[in-house]
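Chemist: In the UniProt record's numbering, the protein residues as written are 1 to 703.
One structure, as structure tokens, below. Some questions next.
Written as structure tokens, this is what we have:
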């Protein structure tokens with residue numbers, strides 16, 4: 001049965017009348033009276049509190065992919081709302097927090113920030129939902145700064161105290177109003193500070209007065225007044241990622257340094273319980289530094305913090321999987337969700353999980369957390385996993401949360417259908433495993449262009465290093481004819497960019513040697529089976545157990561990188577004639593390779609990168625798909641010769657073959673292979689396979 005959230009939200013709104021902000025860090029003018037903590041509570045009384053947390057929502061108000069123009073039931077705050085309602089039913093006392101990266105990340109957020117800027121009098125779609133859900137507090141992530149400080153000031157209705165920064169722009173706030181629509185809950189951030197005043201631009205902390213239901217020593221229910229302190233943190237590298245928006249305006253203090261300053265203030269203000277909203281990941285293998293990106297775990301070393309909500313990594317914690325990224329990190333209990341004994345949770349991304357930390361407090365001259373009774377869990381929107389042809393199932397979305405943002409949703413769909421450029425040729429991955437780069441070259445060119453611009457503006461010391469880019473055919477036909485990239489000649493709309501770049505990766509850059517470049521290519525060449533030239537029977541070219549998203553095509557500007565793949569050789573020795581700028585590639589030379597966060601962090605177990613041991617020199621704040629969209633906007637008329645024919649790799653010529661080498665692709669498309677410079681493909685069996693619905697093609701390795 002679908003939960004009636006409308007009724008629940010009404011009750012939550014009524015309960016909110018019992019809640020007030022007892023204190024706000026840095027605000028000496030707050031005239032809200034303090035409530036004596038736990039007045040009249042008998043010693044031995046207990047109280048259970050469930051701390052609920054979302055993180056990295058990235059403006060996913062609905063389970064909808066605006067690039068594919070299709071519903072996706074696995075995420076969306078409308079579905080998280082159902083999880084929140086269920087948690088509130090199961091727990092008498094709850095708190096609901098958001099951990100940042102809330103405002104940016106979908107076409108809807110771009111639409112509200114850049115295309116049709118939300119007006120001062122209006123509220124962002126994500127904030128409308130969060131207000132409906134009665135969030136208690138939130139913090140800032142790195143992406144809150146992507147649209148600039150005036151935008152952030154406006155949509156949060158916060159005077160940042162920065163010279164020349166008002167609420168919004170002349171377009172979004174033409175009257176220069178001092179008050180704009182507010183999200184309805186406090187936003188705290190302790191470590192983003194004014195470069196001039198050295199004070200936080202948001203309240204560093206807040207104390208919430210909550211009325212909860214506890215139990216006295218005799219088992220009788222009692223009303224308890226609990227002061228809940230909330231403090232927030234953003235990742236210090238925002239100064240690099242959003243330099244254009246932040247330079248000269250703000251600075252970012254360290255994780256522990258800020259906590260050590262403000263947590264004692266929270267306790268002095270009477271906080272019985274302190275929750276840290278830390279928009280950073282967990283990385284206890286890297287020695288602490290104030291500027292580190294993923295320093296959230298180190299907050300567990302600061303006395304006075306009772307619970308940690310982490311994020312930024314888009315990962316899940318706790319995670320008892322032995323292959324978890326957090327496995328082997330000192331001080332971490334993967335099963336119980338503890339970091340140095342402090343309960344911590346990380347709830348994935350886009351609302352696909354809800355984090356929950358359940359604390360038991362006991363009263364004896366003050367409330368004390370009973371650590372042995374602490375429980376940390378993640379609650380997924382997914383109910384059942386896919387079983388063969390039976391798809392996975394997910395919780396139903398909440399109707400009220402869904403309906404609230406329908407106008408913004410419809411406007412965004414209209415927006416993504418608008419063209420960003422045009423192509424004079426079809427872009428497809430039908431023959432990407434035979435050498436067609438029509439859908440890959442544009443991605444590689446966009447990534448190289450992005451890095452060139454970044455290096456010129458931020459890292460001129462890297463200007464002398466040669467640059468390569470990696471792009472893979474994410475859609476390679478594994479699930480039939482519809483599982484290929486295909487962007488038809490003509491107008492390119494924003495949603496087509498998702499067909500060219502399927503996954504929501506972010507751009508990253510690694511520094512590798514020429515030897516690692518060769519090993520990288522050897523890894524990608526595992527896409528193919530070893531071919532026996534003397535075999536008469538047809539041989540399958542492609543190893544379908546090797547995912548095509550690991551078939552990286554490396555490319556250099558001007559097609560300066562060239563290599564061949566000899567599929568008659570065993571794995572690990574297939575790359576031949578590897579050259580850069582016409583000369584054999586020097587194994588000792590250093591290269592920058594533009595890739596994505598998945599590959600750079602070890603995804604696919606590539607040499608030099610496996611286990612997250614790669615030398616990552618740039619972790620860009622931008623999504624790879626957005627990099628592509630921006631590039632197409634800069635180069636809106638794409639012709640085949642410039643953007644689709646630069647093949648960096650070919651199969652090594654084998655000589656005479658006793659039998660055909662075959663692979664599968666979409667029926668009746670072989671003309672596209674020839675048009676895209678792949679002339680050694682012919683039809684082997686045009687009849688579509690009854691299961692895959694794909695035809696069989698032959699590749700002539702003697703040509």
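Don't be surprised by glycine CBs; every beta carbon is placed ideally from N, CA and C.
Cutting at 6 Å between CB atoms, please list the residues of its own chain near residue 636, excluding the five before and the five after it.
Modeler: Numbered from 1 along the chain shown, position 636 holds the residue referred to as residue 636. Here the set comprises 421.
Chemist: For residue 564, report the span of its beta strand (DSSP E) as first-last.
Modeler: In the chain shown, the residue the question calls residue 564 occupies position 564. First-last of the beta strand (DSSP E) with residue 564: 561-565.
Chemist: Enumerate, from N- to C-terminal direction, the unbroken alpha helix (DSSP H) stretches of 4 or more residues contained entirely within the region 128-216.
Modeler: 149-156
Chemist: Any C-beta of chain D sitting closer than 9 Å to the C-beta of residue 187?
Modeler: Among the protein chains of the structure shown there is no chain D, as only one such chain exists.
Chemist: With H, G and I counted as helix, E and B as strand and the rest as coil, what does DSSP make of residue 427?
Modeler: As a first step, residue 427 must be located in the chain shown, where it is residue number 427. Strand, per DSSP.
Chemist: Please report the straight-line C-alpha distance between residue 295 and residue 51, rounded to a whole angstrom.
Modeler: Within the chain shown, residue 295 is the residue found at index 295, counting from 1. Within the chain shown, residue 51 is the residue found at index 51, counting from 1. Their Cα atoms are separated by approximately 21 Å.
Chemist: What separation, rounded to the nearest whole angstrom, lies between the Cα atoms of residue 393 and residue 316?
Modeler: For the purposes of this step, residue 393 is taken as residue 393 along the chain shown, with counting starting at 1. For the purposes of this step, residue 316 is taken as residue 316 along the chain shown, with counting starting at 1. If you draw a straight line from the Cα of residue 393 to the Cα of residue 316, it is about 19 Å long.
Chemist: Can you tell me where the beta strand (DSSP E) holding residue 360 begins and where it ends?
Modeler: The residue labelled residue 360 in the question sits at position 360 within the chain shown. Note, residue 360: beta strand (DSSP E), 353-363.
Chemist: Counting Cβ pairs, one atom from each stretch, are 3 or more of them under 8 Å apart for the region 454-467 and the region 622-629?
Modeler: No, the region 454-467 is not in contact with the region 622-629.
Chemist: Who are the Cβ neighbours of residue 433 in its own chain at under 6 Å, not counting the five residues just before and after it?
Modeler: As a working note, residue 433 is residue 433 in the chain shown. Cβ neighbours of residue 433 within its own chain (closer than 6 Å, five residues either side excluded): 542.
Chemist: Identify whether residue 697 lies in helix, strand or coil by the three-state DSSP scheme.
Modeler: Indexing the chain shown from 1 puts residue 697 at position 697. Looking at residue 697 - three-state DSSP - the assignment turns out to be strand.
Chemist: Do you know whose CA, among 667, 675 and 671, lies nearest residue 693's CA?
Modeler: If you number the chain shown from 1, residue 693 lands on position 693. For the residues 667, 675 and 671, the minimum Cα distance to residue 693 belongs to 667.
Chemist: Name the DSSP bridge partner or partners of residue 596?
Modeler: Sequence index remark: in the chain shown, residue 596 carries index 596 (1-based). Answer by DSSP bridge pairing, in chain order: 507.
Chemist: By a C-beta neighbour count over all protein chains shown, 10 Å radius and 16 as the cutoff for buried, is residue 441 buried or exposed?
Modeler: Looking up residue 441 in the chain shown gives position 441. Under this definition residue 441 is a buried residue.
Chemist: Given residue 444, which residues of its chain have a CB within under 6 Å of its CB, disregarding the five upstream and five downstream residues?
Modeler: For the purposes of this step, residue 444 is taken as the residue at position 444 of the chain shown. By the criterion of a C-beta distance shorter than 6 Å, residue 444 is surrounded in its chain by 469, 471 and 555, once the five residues flanking it on both sides are discounted.
Chemist: Leaving out five residues on either side along the sequence, give the residues of the same chain with a beta carbon under 6 Å from the beta carbon of residue 571.
Modeler: Residue mapping note: residue 571 aligns to position 571 of the chain shown, counting from 1. Here the set comprises 526.
Chemist: Determine, using beta carbons only, whether residue 585 and residue 517 come nearer to each other than 9 Å.
Modeler: The count along the chain shown starts at 1 and reaches residue 585 at position 585. The count along the chain shown starts at 1 and reaches residue 517 at position 517. Cβ distance < 9 Å, so residue 585 and residue 517 count as in contact.
Chemist: Which class does residue 78 belong to by DSSP, given the choice of helix, strand or coil?
Modeler: Numbered from 1 along the chain shown, position 78 holds the residue referred to as residue 78. Looking at residue 78 - three-state DSSP - the assignment turns out to be helix.
Chemist: Tell me whether residue 482 sits in a helix, a strand or coil according to DSSP, three-state version.
Modeler: Translated into the one-based positions of the chain shown, residue 482 becomes position 482. Coil, per DSSP.
Chemist: According to DSSP, what are the bridge partners of residue 493?
Modeler: Within the chain shown, numbered from 1, the residue matching residue 493 stands at position 493. For residue 493, which the question treats as bridged, DSSP gives the partners 419.
Chemist: List the DSSP bridge partners of residue 663.
Modeler: Counted from its first residue, the chain shown places residue 663 at position 663. DSSP output for residue 663 lists 697 as bridge partner(s).
Chemist: With burial defined as no fewer than 16 other Cβ atoms inside 10 Å of the residue's Cβ, what is the status of residue 576: buried or exposed?
Modeler: The residue given as residue 576 occupies position 576 in the chain shown. With fewer than 16 neighbouring CB atoms inside 10 Å of its own CB, residue 576 falls in the exposed class.
Chemist: Return the CA-CA distance between residue 3 and residue 86, expressed in angstroms with no decimal places.
Modeler: Your numbering for residue 3 matches position 3 in the chain shown. Your numbering for residue 86 matches position 86 in the chain shown. Unreliable positioning characterises residue 3 in this predicted model, as indicated by a pLDDT of 36, which lies under 50. The coordinate reading is nonetheless provided below. If I take the Cα positions, the gap works out to 8 Å.
Chemist: Just verifying my parser: in three-state terms, what is the DSSP assignment at residue 477?
Modeler: Within the chain shown, numbered from 1, the residue matching residue 477 stands at position 477. It is coil, neither helix nor strand.
Chemist: For residue 47, list the residues DSSP reports as bridge partners.
Modeler: Translated into the one-based positions of the chain shown, residue 47 becomes position 47. DSSP lists 361 as partners of residue 47.
Chemist: Taking the alpha carbon of residue 560 as the point to measure from, which residue in 126, 647 and 305 has its own alpha carbon closest?
Modeler: Residue numbering aside, residue 560 sits at position 560 when the chain shown is read from its first letter. Out of 126, 647 and 305, 647 has the C-alpha closest to the C-alpha of residue 560.
Chemist: How is residue 42 classed by DSSP in three states: helix, strand or coil?
Modeler: Here residue 42 corresponds to residue number 42 of the chain shown, with the count starting at 1. In this structure, residue 42 counts as coil in the three-state DSSP scheme.
Chemist: What number of angstroms, rounded off, separates the C-alpha of residue 271 from the C-alpha of residue 328?
Modeler: Here residue 271 refers to the residue found at position 271 when the chain shown is read from its first residue. Here residue 328 refers to the residue found at position 328 when the chain shown is read from its first residue. The straight-line gap from Cα to Cα measures roughly 34 Å.
Chemist: In three-state DSSP terms, what is residue 688?
Modeler: For the purposes of this step, residue 688 is taken as residue 688 along the chain shown, with counting starting at 1. Of the three classes helix, strand and coil, the one that applies to residue 688 here is coil, per DSSP.
Chemist: What is the residue span of the alpha helix (DSSP H) that residue 706 lies within?
Modeler: Examination of residue 706 is not possible in this model, given that the chain is present from 1 through 703 alone.
Chemist: Quick test of the definition: if touching needs 3 or more C-beta pairs under 8 Å, does the region 527-541 touch the region 448-456?
Modeler: no
Chemist: In this structure, what does DSSP give as the bridge partners for residue 682?
Modeler: Reading the chain shown from its first residue, position 682 is the one you call residue 682. DSSP, once it has assigned bridges, lists 698 as partnering residue 682.
Chemist: Between the alpha carbons of residue 142 and residue 283, how many angstroms are there, rounded?
Modeler: On the chain shown, position 142 is the one that residue 142 refers to. On the chain shown, position 283 is the one that residue 283 refers to. Approximately 17 Å between the Cα atoms of the pair.
Chemist: Alpha carbon to alpha carbon, what distance is there between residue 536 and residue 645?
Modeler: On the chain shown, residue 645 is found 645 positions in, with the first residue counted as 1. On the chain shown, residue 536 is found 536 positions in, with the first residue counted as 1. Rounded to whole angstroms, residue 645 to residue 536 spans 33 Å at the Cα level.
Chemist: Ordered along the chain, which non-local residues of its own chain (more than five positions away) have a Cβ less than 7 Å from that of residue 419?
Modeler: Reading the chain shown from its first residue, position 419 is the one you call residue 419. Closer than 7 Å at Cβ, skipping near neighbours: 491, 492 and 493.
Chemist: Could you tell me if the beta carbon of residue 237 falls within a distance shorter than 8 Å of some heavy atom in the ligand ATP?
Modeler: The ligand ATP is not among the ligands present in this structure, which contains no ligands whatsoever.
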